[in-house]
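> In mature numbering (1 follows the signal peptide of the UniProt record, and there is no 0), the protein residues as written are -21 to -1, 1 to 192.
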Amino acid sequence: MKKYIVLMVAVAAVGAFAAMAALQKPAAVFAPSQAAHTAAAASQTGETVPNIPKDKKALVVYFSYSGNTRIIAEQIRQSVDGDIVELQPLTPYSADYDTVVKQGKQEIESGFKPPLKAKVESLAAYDVIFVGTPIWWYTIAPPVASFLAESDLAGKTIIPFCTHGGYGPGHNLEDIKKLAPKSRVLNELVLNGSKTYAQKDILAWLSKVGFGE
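1. Could you check the C-alpha separation between Y41 and T112 for me, to the nearest Å?
2. Compare the beta carbon distance of V39 and A52 with 7 Å and say whether it is the shorter of the two.
3. Exposed or buried, E167, counting other C-beta atoms within 10 Å across all chains shown (16 or more means buried)?
4. Along the chain, where does the alpha helix (DSSP H) containing W184 start, and where does it finish?
5. Going by beta-carbon coordinates alone, are P122 and P93 separated by less than 7 Å?
6. Once DSSP output is grouped into helix, strand and coil, what is the label at T136?
7. Using only CA atoms, which one of G144, L170, K135, A177 lies nearest to K161?
8. Mind checking F91: buried by the 16 CB within 10 Å criterion, or exposed?
9. Using a threshold of 7 Å, state whether the C-beta atoms of T142 and L102 are closer than that.
What follows is the structure, encoded as structure tokens:
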């Protein structure tokens, strides 16, 4: 009986931890001068292409709740000399972490795509679109789903990047492909948002997806 109780407590603890790790707390530190503590992991289900011509115009579109994805987005923008847009839901998420964990799960399970404060304009001017998201319940955050679903991305090259709280990218890449079926989706950058990483990881990944020197 005691063993059974201990087992049940352990299972409950694991479940609680999984729920809390579904969203990321603002714990990541961007350290371009430090050695990386975790490597950038490129998904094997994406597509790697030769170097993209330097005259191709790039846009970085991202959503960030804790700030971790924003750090990556800014570094990518600087590295590719592109433009950047932060996705913001019309109704902001609560500042309370537990509240957002529950809301995020409900939105994802129901397929809800929250209205955005503003649509991303002039997409026709860009050939390559970097799409950044935190991983919420093993997939893209709902505001990113809203952007992909409402935008005309036919013929665009989409390059995803994501941060997670310890459980990996989930089915993030597959879901992006479903929402942008007429786009070419390349290998994604996957970083653990709770660990330290270095600029060299991002540069190495950019080289793999065609933005190397």
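Virtual Cβ for every residue (Gly too), placed ideally from N, Cα, C.
This one's a predicted model, so the numbers in the text were calculated from it and none came from an experiment.
On the basis of the coordinates in this document:
1. Taking the sequence shown and counting its residues from 1, the one referred to as residue 41 is at position 62. Taking the sequence shown and counting its residues from 1, the one referred to as residue 112 is at position 133. Rounded to whole angstroms, the gap between the alpha carbons of Y41 and T112 is 6 Å.
2. Counted from its first residue, the sequence shown places residue 39 at position 60. Counted from its first residue, the sequence shown places residue 52 at position 73. Going by C-beta atoms, V39 is nearer than 7 Å to A52.
3. Taking the first residue of the sequence shown as 1, we reach residue 167 at position 188. By the 10 Å Cβ count, E167 comes out buried.
4. Numbered from its first residue, the sequence shown carries residue 184 at position 205. It spans 178 to 185 - the alpha helix (DSSP H) in which W184 sits, taken as one unbroken run.
5. As a working mapping, residue 122 is identified with position 143 in the sequence shown. As a working mapping, residue 93 is identified with position 114 in the sequence shown. Cβ atoms of P122 and P93: closer than 7 Å.
6. Walking along the sequence shown from the start, residue 136 turns up at place 157. Note: T136 maps to strand in three-state DSSP.
7. For the purposes of this step, residue 161 is identified with residue 182 of the sequence shown, where counting begins at 1. Out of G144, L170, K135, A177, K135 has the C-alpha closest to the C-alpha of K161.
8. On the sequence shown, residue 91 is found 112 positions in, with the first residue counted as 1. By the 10 Å Cβ count, F91 comes out exposed.
9. Start at 1 with the first residue of the sequence shown, and residue 142 comes out as number 163. Start at 1 with the first residue of the sequence shown, and residue 102 comes out as number 123. Contact: no.
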